[in-house]
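Following: one structure in C-alpha cells, then a few remarks.
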Amino acid sequence: DGIDWDLEGHDDRTAPTSLFAITTLDIMADFSLEAKTRYGMSVSLAPAESYLDAMAGPESDEEFSLLLNLPPLAYLNGSDDDRALLENTGFSHAGRQAYAYVLHRAGIDSFDWVSIQLYESYSRFLHETTRAEPQPITQVDALLNRVESFRSGYFVNLPDYKRVRIHVPLSKLVFGVANAWADGKKVVQVDPESLRQAEQILQKRYKSGLKGCMYWTIEEEGRDNVFMSSALASVFNDTDSMKTPTDSDEL
60 DGIDWDLEGH DDRTAPTSLF AITTLDIMAD FSLEAKTRYG MSVSLAPAES
110 YLDAMAGPES DEEFSLLLNL PPLAYLNGSD DDRALLENTG FSHAGRQAYA
160 YVLHRAGIDS FDWVSIQLYE SYSRFLHETT RAEPQPITQV DALLNRVESF
210 RSGYFVNLPD YKRVRIHVPL SKLVFGVANA WADGKKVVQV DPESLRQAEQ
260 ILQKRYKSGL KGCMYWTIEE EGRDNVFMSS ALASVFNDTD SMKTPTDSDE
310 L
C-alpha cells in the first residue's frame, strides 16, 4: 500500500488549479512523512522536470514559485527562436521547483523513489538535447548531468525555509520517459540505448545505478513497434549483471 504524488497544473492556465497552495504542499509532505514513518507505506514523487529541476541554471537555480502556468525556463532564457516557439505555441505550463518544498519538508527518507518526468512538454531535457546552443548535448550526458546534480545537491530558496539543499541519491532516483506517443519536438523521445549507456557509466563510476525508470503510458505500448517495457527491462537486466554483492550507493 502507498501513494505516488503526481499533482500537476491545469490545461486552462486561468484555472484555480494552475497553482499550488502552500497548504497543499504541506499536506503532501506531512502525509508522506506520516505514511512512511508510522505505517511503513510506499511513498513516491513523480514531478514534472520543472517542478524539481536539478539543472536550473545560475540565473534561476534558487527560484521557487507556486505557479504552474509559467513559461519553461530553458526556452525563455534560450535563443530568439526558442522564445518565438513559446510565443507561437502559447505554451506556458511549467513550474518552478514546487516539489522541492515537499521533498525538503518531508525529508528524502520519507520517499522510496523520486521519478523525474523528462517527458514534460518542452522540458529542459528536451531543450538541452535538441535545441541548446551552440549545440545540443547527448542524451547520455544530459542524464548523467542530472544524476550528478541530484547526488551532490542543488540549492533552492523555499518559503519558510530560505536557502536549502535538495538532494536525491542514486538509490532513490528514477527517470520517467515516454514511449512512441512522444513527437521529439514537444515531448522528448529518450532512447533506451542512452539509458543503457548512462547506467553502465554509473555502475562503473559508483558501483551502483539508478533506482530504475518509468514510462508513460502503457496504453501506447507497441505503437510504431516501440515496446518500452521490454526495452527498459533489458537496460536494467544488462546492468544488473555488472553488480557485485558488496555494491552500495555512494551518497
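Take 60 as the starting number for the sequence shown in my numbering and just add one per residue.
Ideal placement from N, C-alpha and C gives every residue a C-beta, glycine not left out.
Review point. What first and last residue would you give for the beta strand (DSSP E) that runs through Asp63?
Key: That run of the beta strand (DSSP E) goes 61-64.
Check your understanding: Can the beta-carbon of Asp171 be found less than 8 Å from the beta-carbon of Ser103?
Key -> Cβ distance < 8 Å, so Asp171 and Ser103 count as in contact.
Exercise for review: Thinking Ala241 and Glu187 are a contact (beta carbons under 8 Å), I'd like their distance in whole angstroms, please.
Suggested key: Rounded, the Cβ-Cβ distance is 16 Å, inconsistent with contact.
Exercise for review: Enumerate, from N- to C-terminal direction, the unbroken beta strand (DSSP E) stretches of 3 or more residues contained entirely within the segment 228-288.
Suggested key: Here the runs fully enclosed are 232-237, 271-275.
Check your understanding: Who does Lys95 pair with in a DSSP beta bridge?
Key -> Beta-bridge pairing links Lys95 to no other residue.
Point to revise | Local conformation of Ser77 per DSSP, three classes | key: Coil at Ser77, not helix or strand.
Review point. Which residue comes first and which comes last in the beta strand (DSSP E) that contains Leu126?
Key: Per DSSP, Leu126 is one residue of the beta strand (DSSP E) stretching across 124-129.
Check your understanding: Do you know whose CA, among Gln176, Lys244, Lys95, Ser109, lies nearest Gly61's CA?
Key -> The shortest Cα separation from Gly61 among Gln176, Lys244, Lys95, Ser109 belongs to Lys95.
**Study point:** Segment limits, alpha helix (DSSP H) that includes Ala201
**Key:** Counting along the chain, the alpha helix (DSSP H) containing Ala201 begins and ends at 198-211.
Practice item. Compute the beta-carbon to beta-carbon distance between Ala105 and Arg164, rounded to the nearest angstrom, for a pair I have assumed lies under 8 Å. Key: Not a contact, Cβ separation roughly 17 Å.
Exercise for review: Go to Arg222, then tell me how far its beta strand (DSSP E) extends in each direction, as first and last residue.
Suggested key: Looking at the DSSP string, the run of the beta strand (DSSP E) that includes Arg222 is 221-225.
Check your understanding: Taking just the CA atoms, how far does Arg264 sit from Arg224?
Key -> Going by the C-alpha atoms only, they are around 23 Å apart.
**Study point:** Cβ separation of Ala237 and Tyr274, assumed to be a contact under 8 Å, to the nearest whole Å
**Key:** So it is a contact: roughly 6 Å between Cβ atoms.
Check your understanding: Where Asp297 and Ala143 are concerned, what is the direct C-alpha to C-alpha distance, given to the nearest angstrom?
Key -> Distance between the alpha carbons of Asp297 and Ala143: 42 Å.
Practice item. Return the first residue and the last residue of the beta strand (DSSP E) that Leu111 is part of. Key: No beta strand (DSSP E) contains Leu111, which DSSP labels as neither H nor E.
Practice item. Tell me, please, which residues DSSP counts as bridged to Val173. Key: Answer by DSSP bridge pairing, in chain order: Leu104, Leu232.
Exercise for review: Identify, in the order they occur along the chain, each residue of the same chain with its Cβ nearer than 6 Å to the Cβ of Ala327, setting aside the five sequence neighbours on each side.
Suggested key: Residue 327 falls outside the range modelled here, since the chain spans only 60 to 310, and no answer is possible.
Check your understanding: Rounded to the nearest angstrom, how far is the Cβ of Gly68 from that of Asn128, given a contact under 8 Å?
Key -> Correct: roughly 6 Å between the Cβ atoms.
Point to revise | Per-residue DSSP class, three states only, for Asp308 | key: Residue placement at Asp308 is flagged as unreliable, the pLDDT there being 40, under the threshold of 50; the coordinate-derived value follows with that caveat. In this structure, Asp308 counts as coil in the three-state DSSP scheme.
Check your understanding: What residue from Ala157, Ala292, Arg282 has the CA that sits closest to Asp85's CA?
Key -> The option with the nearest alpha carbon to Asp85 is Ala157.
Exercise for review: To the nearest angstrom, report how far apart Asp250 and Asp71 are at their CA atoms.
Suggested key: Straight-line spacing of the CA atoms in Asp250 and Asp71 works out to 31 Å.
Review point. So, are the CB atoms of Val173 and Val227 less than 8 Å apart?
Key: Pairing Val173 with Val227 gives a Cβ-Cβ distance under 8 Å.
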